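Below is one structure, written out as structure tokens; the observations come after it.
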Amino acid sequence: MPASSPVTPAPGELEIVRAFVNTLDIESGADLMRDPDAWASWASGHGLTSQATAADLRFGRGLREALRAALLANHDRAPLPTETIEALDAAATRSRLTVRFTSDGPTLRPVGTGADAVYGRIVSAVAASLADGTWSRLKVCAADDCRWGFYDTSRSRTGQWCSMSICGNRAKQARWRDRTGRT
């Protein structure tokens, strides 16, 4: 997480998707999927037990970036990008998602273990949020050097930045400098 960026948690299981996208801090380059130990620490911090191989982490980094593309598309209320659909389908297959029925209705549960179980939980959360309408509020910061995942709580669903006081302020200052010709 960028040191100065506030956390805007997503509701329920959608929070794991936001946290997963934020395993890469673009501004600093810190990647919590850089190696199995970093991944295990992140997973443990989110109440997950997960061991991962280098191949699992390569797959996960691809899934993460496909989700980041979808969260960027949410700014324009666009449908899921093709790359995201393909990545989610692949993760669902890897995790061997199954349908379980409860008194609250059907849910998807991964049968796979390790990193695949985590990826399955992410796919399940995406599917549930698409169904309940919360997906469109999960976005990444519009700042190219940030792209931090956040849950848009604005009434109009038009939030652009992870933090108005940080990234939003930088964008406004840049527009002002462009308009006035100042540096």
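Numbering that gives the first Met the number 0 applies: residue 0 is where the sequence shown begins, and numbers increase by one.
We put the beta carbon where it would ideally sit given N, CA and C, even for glycine.
In this text the structure is predicted, and so the values were computed from the model without any measurement.
#### Entry: Check whether T22 and F149 have beta carbons under 8 Å apart
No, these two residues do not count as a Cβ contact at 8 Å.
### P35, enclosing alpha helix (DSSP H) - first and last residue
P35 to G44
### Task
Please go through the segment 82-154 and give each complete alpha helix (DSSP H) segment of 4 or more residues, from N-terminal end onward.
113-131
### Task
Below 8 Å on the Cβ atoms is my guess for L70 versus V122; work out the distance and round it to an integer in Å.
Wrong, their Cβ atoms sit about 15 Å apart, outside the cutoff.
### Task
Compute the beta-carbon to beta-carbon distance between E26 and D144, rounded to the nearest angstrom, for a pair I have assumed lies under 8 Å.
6 Å
### Message
Tell me the DSSP secondary structure of L13 in three-state form.
### Response
helix
### Query
Can the beta-carbon of A54 be found closer than 8 Å to that of W38?
no
### Query
Should the segment 87-94 be called in touch with the segment 112-120, which here means at least 3 C-beta pairs below 8 Å?
Note that the segment 87-94 touches the segment 112-120; at least 3 beta-carbon pairs, one per stretch, sit closer than 8 Å.
### Message
By DSSP's criteria, Y24 is part of a beta bridge. Which residues make up the other side?
### Response
The question names Tyr, but residue 24 is Asp in the sequence shown. Paired residues: A29.
### C-beta atoms of M32 and G59 nearer than 8 Å
yes
### Query
By the 10 Å Cβ neighbour count, where 16 or more other Cβ atoms means buried, how is R136 classified, buried or exposed?
buried
### Task
Evaluate S128 with the Cβ neighbour count: other Cβ atoms within 10 Å of its Cβ, from every protein chain shown; 16 or more gives buried, anything less gives exposed.
buried
### Query
Over what stretch of residues does the alpha helix (DSSP H) that includes D60 continue unbroken?
It should be noted that the sequence gives Arg, not Asp, for residue 60. Element bounds for R60: A53 to A72.
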